[in-house]
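Residue numbers (this note's numbering): 97 to 381.
Presented below is the structure to which this report refers.
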Amino acid sequence: MLKSAIAFILIGGSVLGAEQGQEIRLWPNGAPGSEGVSAREVFETSPNSKLPKRFTVVHYPSIYVFLPPKETANGLAVVVAPGGGHTQLVIEKEGWDIASRLNKNGIAAFVLKYRLARAPGSHYTVQKDALADAARAVRTVRCRAKDWNLDANRIGFMGFSAGGEVAALIETRFDAGNTTASDAIERVSSRPDFAVLVYPGFPPGSITVPKGAPQTFLVCADDDRSHVVTTVNMYLDLEKRNVSSEMHIYASGKHGFGMKPSSLPVSTWPDRLKDWMVDRKLLVR
């Protein structure tokens with residue numbers, strides 16, 4: 097189904113960049129919790145540019161692979177989780193577009209299509225299924241690092257809004273992998289080497305930061321009231337655990353600013369992220 101959906105998008109000419117990302121299913125034989133599912137996934141697009149191009153039904157979690165040109169690639173990789181309130185996946189604005197921006201800085205991007213816990217009729221949950229998809233994505237990228245010319249010790253996870261909840265979950269509930277697993281992917285760690293939380297949204301008290309959580313970059317707008325509180329509280333929780341972190345709160349920008357250029361200072365946050373990556377020796381200028 098997904099191939100035909102993408103073919104439709106391309107014929108309609110409504111998505112630029114989707115064809116650049118090769119899709120890889122995280123579990124070729126079906127994800128745990130989705131066994132036996134034969135329902136189609138739903139991708140919605142509209143001629144109205146104000147409406148997001150999005151998935152509204154996801155049963156087959158996958159990553160879209162966006163690799164930078166070999167001459168600019170630096171070995172850094174980021175798994176990107178789009179937002180959408182767990183009812184939809186705004187995969188172009190907070191996924192494919194983000195990947196293209198990262199590629200310009202020599203960073204490989206892997207856009208995560210994860211299962212939606214709050215879509216109508218969904219039996220999935222955020223803390224089980226979406227987290228499992230995130231963990232599998234990190235493991236897959238790490239396991240195939242040599243294939244993609246990546247540094248297996250520089251694999252990060254970036255999440256926007258609801259995707260920020262997925263990012264917070266994987267940076268606090270990772271594991272070292274199962275060394276006796278028959279599946280090579282399951283043998284490697286799901287711990288991201290760094291996390292980027294962009295206007296994250298999750299219930300108070302749902303995230304507990306452990307010792308050993310990865311270094312984290314957080315960004316939000318102050319006029320995004322509920323999400324800025326979540327962002328600040330996450331930063332404080334990281335500090336309590338002595339986890340290296342950096343936070344940027346901009347006066348205006350509201351929710352969902354993504355990486356789109358604008359006249360507002362918030363649109364410069366990708367530059368601050370790059371500065372942070374250089375400072376943390378994840379990236380070399």
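Where is the CB? At the ideal position from N, CA and C, for every residue including glycine.
Residue pairing for V324: DSSP places it in no beta bridge.
Contact between R150 and V186 holds, with the beta-carbon distance rounding to 5 angstroms and staying under 8 angstroms. At a cut-off of 4 residues, the continuous stretches assigned as alpha helix (DSSP H) that sit fully inside the segment 205-293 are 227-239 and 258-268.
When the five nearest sequence neighbours on each side are left out, the beta carbons in the same chain lying within less than 6 angstroms of the beta carbon of F253 are those of V175, A263, I266, P288 and A291, in order along the chain.
Using a 10 angstroms sphere on the CB of Q118, the tally of other CB atoms stays under 16, which defines it as exposed. Inter-segment contact for the segment 153-165 and the segment 121-130 is present: three or more beta-carbon pairs are separated by less than 8 angstroms. The segment 341-352 makes contact with the segment 313-329, as at least three CB pairs between them are under 8 angstroms.
E188 carries a helical assignment under DSSP once its states are collapsed to helix, strand and coil. Assignment of M330 by DSSP, reduced to helix, strand and coil, places it in the helix class. CA-CA distance, W372 to R250, rounds to 14 angstroms. K189 places its beta carbon less than 8 angstroms from that of G354. Between L360 and K370 the beta-carbon gap is near 18 angstroms, outside 8 angstroms, which marks them as no contact.
Distance check between G129 and each of L198, P143 and A228 places A228 closest, using alpha-carbon atoms only. Residue burial is scored here from C-beta neighbours: N144 has fewer than 16 other C-beta atoms within 10 angstroms and is therefore classed as exposed. Per DSSP, reduced to three states, the secondary structure at V175 is strand. Under DSSP, L314 takes part in a beta bridge, and its partners are L293 and M343. Going by DSSP, V374 is part of the alpha helix (DSSP H) stretching over W365 to D375. In this structure, DSSP gives S158 an extended state, which the three-state scheme calls strand. For R121, the enclosing beta strand (DSSP E) has its first and last residue at Q118 to R121. Closest in C-alpha terms to V284, from the list A233, R197, A272 and V207, comes A272. If you compare the alpha carbons of L147, N274, G308 and H351 with that of R232, the shortest gap goes to N274. A buried status is given to A309, since no fewer than 16 other beta-carbon atoms sit within 10 Å of its beta-carbon.
In this structure, A226 places its C-beta atom within 8 angstroms of the C-beta atom of Y210.
Here S341 has Q311, T312, F313, L314, Y331, L334 and E335 as same chain residues with Cβ atoms under 8 angstroms from its own Cβ, once five neighbours each way along the sequence are excluded. Taking each of P178, V161 and K224 in turn and checking the Cα distance to A204, the smallest one comes out for V161.
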